[in-house]
Structures are given as structure tokens and as C-alpha cells.
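Asker: This is the structure I have questions about; it appears just below.
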Amino acid sequence: ITHEVVDARAQFRTAVIDDFVAAYASGTTPNPCVRCNERVKIRQLIDLADTKGISFVATGHYAQVDRIHERPILLKGADGTKDQSYFLYRLQEAWLHRLLFPVGGMQKPDVWVEAKSLGLPEDEMRESQEICFVSHGDYRTFLQEQPNLPATPGRFIDETGATLGTHEGIPFYTPGQRRGLGIATGQRLYVQRVQPDTNTVVLGPEEHLLQSSCTIKDLNILDPRILTDSTQVGCKVRYATPPAQATTTPLDSGRLSINFHQPQRALSPGQSAVLYDGPRVLGGGIIETIMPSPT
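For the sequence shown, the residue numbers in the working numbering are 4 to 298.
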């Protein structure tokens, strides 16, 4: 098949890696795969298609697009264990008219059978669960290798403000983290939140990780009804977790509040909250602020 190699390294560095490093430096938890699809991978393919007069772009994502209706609808992949719609919620609606997901309606085992029948080498089909540019699987090591990363040691504190020890720097901690704290208090402690303004990391017991609501910003909405009234939705706050039932309410300044029907564990500013109506992706945004569950 005639093909063309497109050098996107500079865009990837700026739009994904630099964004990833800056987010951790500011005390938030980014999702680079979401940003890559939005800013580099799909955008570059659409732009390339435009320059060559090509109508459609195909990728191997496990997702689907329904074009029967007036507006294209982004749907989950048919294989619920491989669905990648969470990573695609930021795509522009205009792109959806042109995107093809050939494996989106297939189950993964059937994809493997088809690939083998075509003689594709198995080492080309191996899956990775890691961030592609963090080759050693440890994002903290990757961050330490970045030049000019602001990482000043500070205090671990408990929820009363009492000092528990010293941390290595804000970028190396994220809500829900337990390993690598180096704190011995007689109970298991978890990162509750990161406070860059005071260069402190708040630790507490696991049960305090439950949160009932959050606000999201930097919205990408695929169903405009979300912006007009309160809406019952399924909300995914991580790729690997199922949607949780929630109610969204539009706020001013292009933000939404999300109130979960059941408290969620370790919501993290910087992560994506993606909204669903069954298999349909309604849109989503970046978690901004967290509200703790009532005690």
C-alpha cells in the first residue's frame, strides 16, 4: 500500500509531552492520550486528508460513529472491554462526519483472527497499557528526566495541617497514590490532594478519598442539551472504570457541575470526565475542582 510518513514529533512534544509535564508541575493529573487524539493524531490526519482531497480518515480505535441522524453521534465500541470512546470525546463534531473506525463494531478476539488471516506479524499487534512516551512504565522517572522541571521538596501534612514528613516535589504525587510516600504512621495513608500554592501534599485514610461532586471546564460538548438544563448521565472519570450515574448542571463561564449518585474514589483535577447516555458520548471536560462527600 502506498503510504506517506508524516513527521509530527514537534507537535507531539509541544501539545502532549510539554502539556503532560506542565500539568504535573501544577499539581494536576493529565491524560495525554486524550490530548494526543485531539491535538495531534486525529487533527494531523484530517489536515493531511484536506491537503490531498481525501474524504475520510480511518483509525484503529474501538469506537463507532452513527451518521444516520442530522448530527453525527460518537458511540462506544462494540467490545466493552476495549472501548476507547473515553479518549475521543474531545474530537470536533465536523471531524466525526469523516472518521471511520473499522474495528469499532468488532470484538477484539475477532480482530486478532482477522489480523492473523492477513499475515500481520504478532509483534506488530502487541497491546500496551502504558503511556507511549513513558517507555519504562514509570511517569515519575520520566518527569525527573525532564529539564527545568520545578520540583521543590515540601511538607506532607494530614488533614488538620500537621506535618507528617517531607515530599520530593509536587509533580510526583497524584490523588489516590499510596506507594512511594515513605511515611510510617501506623495506618495506610493516601494522597488526598496536592496543594501547589503551599507546596504541600495532604495525606489521609482511604475512606476520605470518596468525593460526591466536581466541576469540569474546557468543555467539548457533542450534545448541546447538556448546556441547557440538568441532565442524567453516565460519567467516566477514568478509562478503566465503568460510567457512574450522575447529574450534570450547567454553570457560568463554560463549566459544568457533576453530582454523582454514589461517591467516587480519588477524583483528580486535570483528568477527563466523559459523559454518556448509554453507548452515546455526550461530551465532557477537564476536572477542575472537587467537593468532598458529606460526612
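Glycine residues also receive a C-beta, built at the ideal position from the N, C-alpha and C atoms.
#1: Looking at the strands, I want to know which residues DSSP matches up with Val9.
#2: So, under 8 Å CB-CB, Val275 and Val37 are touching, yes? Tell me the CB distance rounded to an integer number of Å.
#3: Going by CA-CA distance only, name the one from Gly63, Gly108 and Asn40 that's closest to Asp69.
#4: What is the DSSP secondary structure of Asp126, reduced to helix, strand or coil?
#5: For Ile293 versus Gln198, is the C-beta distance shorter than 8 Å?
#6: With a Cβ-Cβ cutoff of 8 Å, do Val106 and Tyr65 count as a contact?
#7: With DSSP run on the structure shown, which of helix, strand or coil describes Glu162?
#8: If you scan the segment 183 to 222 from start to end, which runs of the beta strand (DSSP E) of 3 or more residues do you find wholly inside it?
#9: Mind listing, in chain order, the continuous alpha helix (DSSP H) runs of no fewer than 4 residues lying wholly within the segment 74 to 131?
#10: Just to confirm the assignment, what range does the alpha helix (DSSP H) spanning Gly53 have?
#11: I'd like to know if the segment 188 to 207 and the segment 159 to 175 are in contact, where contact means that at least 3 CB-CB pairs between them fall below 8 Å.
#12: Could you have a look at Val19 and say whether DSSP puts it in helix, strand or coil?
#13: Let me check understanding here. Comparing Cα to Cα, which of Gln195, Gln149 and Glu209 lies closest to Ile20?
#14: Out of Phe104, Arg158 and Ile45, which one is the CA nearest neighbour of Asp200?
#15: Using only the alpha-carbon positions, how far apart do Pro75 and Asn202 sit?
#16: How about Thr251 and Ile229: are their beta carbons less than 8 Å apart?
#17: Between Phe90 and Asn40, which are expected to be in contact by the criterion C-beta below 8 Å, what is the C-beta distance as a whole number of angstroms?
#18: Taking the continuous alpha helix (DSSP H) assigned at Phe145, which residues delimit it?
#19: Assign Ser60 to one of three DSSP states: helix, strand, or coil.
#20: DSSP state of Arg258, grouped into three classes?
#21: For the alpha helix (DSSP H) containing Val37, name the first residue and the last one.
Answerer: In this structure, then:
#1: DSSP output for Val9 lists no bridge partner at all.
#2: The sequence given here places Ser at residue 275; Val does not occur at that position. Indeed they touch by this definition, with Cβ atoms about 5 Å apart.
#3: Gly108
#4: helix
#5: no
#6: yes
#7: coil
#8: 193 to 198 and 203 to 207
#9: 96 to 99 and 111 to 120
#10: The sequence as given places Asp at residue 53; Gly does not occur at that position. Taken as a continuous stretch (DSSP letters only), the alpha helix (DSSP H) holding Asp53 covers Ile45 to Lys55.
#11: yes
#12: helix
#13: Gln149
#14: Arg158
#15: 45 Å
#16: yes
#17: 6 Å
#18: Tyr142 to Gln147
#19: Per the sequence presented here, residue 60 reads as Val, with Ser not at that position. Val60 falls in the strand class under three-state DSSP.
#20: strand
#21: Pro35 to Cys39
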